[in-house]
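Student: If you read the sequence shown in our numbering, its first letter stands for residue 941, the second for the next number, and so on. Every residue, glycine too, gets a C-beta built ideally from N, C-alpha and C. Just passing along the structure, written as structure tokens.
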Amino acid sequence: MGAGNSAYIELFSAYNQMKTENITLREELNHHRQLAILAASAPKPGILCSDSGAGLRRTNLITRQSSSEQPSNKKNRDDYPDVPFWEESEWIAYMDRQKKSNKPIDKLGFLTDAGGNGVDKYRVGQMTERAKTLWNGFAEKSLQPSTWKKKTYSVRGYFNDHMMADFPEFSLADGYWKLERFATLRYPDWTKANARSSTTDSTSTMRRSRQDPDNSSDSPKPRKRKRVLPPSDGGPIIENDKDGPR
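Encoded structure:
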């Protein structure tokens, strides 16, 4: 019995290990499939297509491992002494102080330029529109996550690469935390707008389908049959066409 139990335990252990490896391989396969989809959506190198649905740009980072926690163009904090929030912990400590003092907190207050000046509304608007363009591109390929926390490595890496390239303010930090916080704040608004747009489009399509007399799904109306009237005076038979003259 003891030997049998030992063999069973070994087999069960091997099964669990193979099951874990299978899940890992499936995740990696899905990751590379998404990279291939994103790469196919990207235009020629160096061209930014803000007017396209995908709005995606090819970079030399498209095939790199997107799960990296550090940007490829990581900056040295010593070169930017005026940036007030480099570590995320510094921003969290600042928010705690503001709360204790009952002072308002700008949720995007961590975004500054190299001189430590906060970004203005126009700049934030540019960032938001660029992010929406990328999210629209993901939606066209059915790669959009239900929440930003549920994004895949491929989506995260692609989004980070393009946003960091277009807006250096996000790179003035240790890692991606500034961009992550920005996207977490803005993504819910995009998902709501995207859901409303999809519902509106679906409703409009249904209305057009009902109102379009030429819609192929509508059955053609049957013509009324002619009624034959018997002659009253032995004359020729008269056909009564209720549809009127043709």
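CA-CA distance, residue 1132 and residue 949?
Tutor: By one-based count along the sequence shown, residue 1132 stands at place 192. By one-based count along the sequence shown, residue 949 stands at place 9. Rounded to whole angstroms, residue 1132 to residue 949 spans 50 Å at the Cα level.
Student: What residues are listed by DSSP as bridge partners for residue 1052?
Tutor: As a position in the sequence shown, residue 1052 is number 112, starting the count at 1. Paired residues: 1058.
Student: According to DSSP, is residue 1128 helix, strand or coil?
Tutor: As a working mapping, residue 1128 is identified with position 188 in the sequence shown. Residue 1128 falls in the helix class under three-state DSSP.
Student: Is it true that the CB of residue 1068 sits closer than 8 Å to the CB of residue 1112?
Tutor: On the sequence shown, position 172 is the one that residue 1112 refers to. On the sequence shown, position 128 is the one that residue 1068 refers to. Taking 8 Å as the Cβ cut-off, residue 1112 and residue 1068 do not qualify as a contacting pair.
Student: Within the same chain, show all residues whose beta-carbon is closer than 6 Å to that of residue 1054, passing over the 5 residues directly before and after it, in chain order.
Tutor: By one-based count along the sequence shown, residue 1054 stands at place 114. Excluding the 5 residues flanking it on each side, residue 1054 has same chain C-beta neighbours closer than 6 Å at 1020, in chain order.
Student: When you compare the CB positions of residue 1074 and residue 1107, do they come within less than 8 Å of one another, or not?
Tutor: As a position in the sequence shown, residue 1074 is number 134, starting the count at 1. As a position in the sequence shown, residue 1107 is number 167, starting the count at 1. Their beta carbons are not under 8 Å apart, which means residue 1074 does not touch residue 1107 by this criterion.
Student: May I ask you to report which of helix, strand or coil DSSP gives residue 1001?
Tutor: Position 61 of the sequence shown holds residue 1001. A caution first: residue 1001 carries a pLDDT of 36, below 50, which makes its placement in the model too unreliable to give a value.
Student: Going by C-alpha to C-alpha distance, which of 1050, 1010, 958 and 1017 sits closest to residue 1097?
Tutor: Here residue 1097 corresponds to residue number 157 of the sequence shown, with the count starting at 1. Nearest in C-alpha terms to residue 1097, of all of 1050, 1010, 958 and 1017, is 1010.
Student: Can you give me the C-alpha to C-alpha distance between residue 893 and residue 1064, rounded to a whole angstrom?
Tutor: Nothing in the structure corresponds to residue 893, since the chain is present only between 941 and 1186.
Student: Please classify residue 951: does DSSP put it in a helix, a strand, or coil?
Tutor: Translated into the one-based positions of the sequence shown, residue 951 becomes position 11. Reduced to three states, the DSSP call for residue 951 is helix.
Student: Report the three-state DSSP secondary structure of residue 1113 (helix, strand or coil).
Tutor: As a position in the sequence shown, residue 1113 is number 173, starting the count at 1. Residue state, collapsed to three classes: coil.
Student: Distance, Cα to Cα, residue 1080 vs residue 1119?
Tutor: Your numbering for residue 1080 matches position 140 in the sequence shown. Your numbering for residue 1119 matches position 179 in the sequence shown. Rounded to the nearest angstrom, the two C-alpha atoms are 22 Å apart.
Student: Please report the residue range of the alpha helix (DSSP H) in which residue 1095 lies.
Tutor: Along the sequence shown, one-based indexing puts residue 1095 at 155. Annotation: the continuous alpha helix (DSSP H) that includes residue 1095 extends over 1093-1106.
Student: Run through DSSP, which three-state label would residue 1073 get?
Tutor: Position 133 of the sequence shown, counted from the start, is the residue given in the question as residue 1073. DSSP places residue 1073 in helix when its eight states are reduced to three.
Student: Beta carbon of residue 1130, beta carbon of residue 1091: below 8 Å?
Tutor: On the sequence shown, residue 1130 is found 190 positions in, with the first residue counted as 1. On the sequence shown, residue 1091 is found 151 positions in, with the first residue counted as 1. No, the pair does not count as a contact, with Cβ atoms beyond the cut-off.
Student: On the CB-based measure, 16 or more other CB atoms within 10 Å of its CB, does residue 1103 come out buried or exposed?
Tutor: In the sequence shown, counting from the first residue as 1, residue 1103 sits at position 163. Buried, since its Cβ has 16 or more Cβ neighbours within 10 Å.
Student: According to DSSP, is residue 1025 helix, strand or coil?
Tutor: In the sequence shown, the residue the question calls residue 1025 occupies position 85. Residue state, collapsed to three classes: coil.
Student: What does the alpha-carbon distance come out to for the pair residue 945 and residue 1123?
Tutor: Translated into positions along the sequence shown, residue 945 becomes position 5. Translated into positions along the sequence shown, residue 1123 becomes position 183. In this structure, the straight-line span from the alpha carbon of residue 945 to that of residue 1123 is close to 52 Å.
Student: Does DSSP put residue 1038 in a helix, in a strand, or in coil?
Tutor: Translated into the one-based positions of the sequence shown, residue 1038 becomes position 98. Helix.
Student: Within a Cβ cutoff of 6 Å, which residues of the same chain sit near residue 1058, ignoring the five residues on either side of it in sequence?
Tutor: As a working note, residue 1058 is residue 118 in the sequence shown. Hits under 6 Å: 1052.
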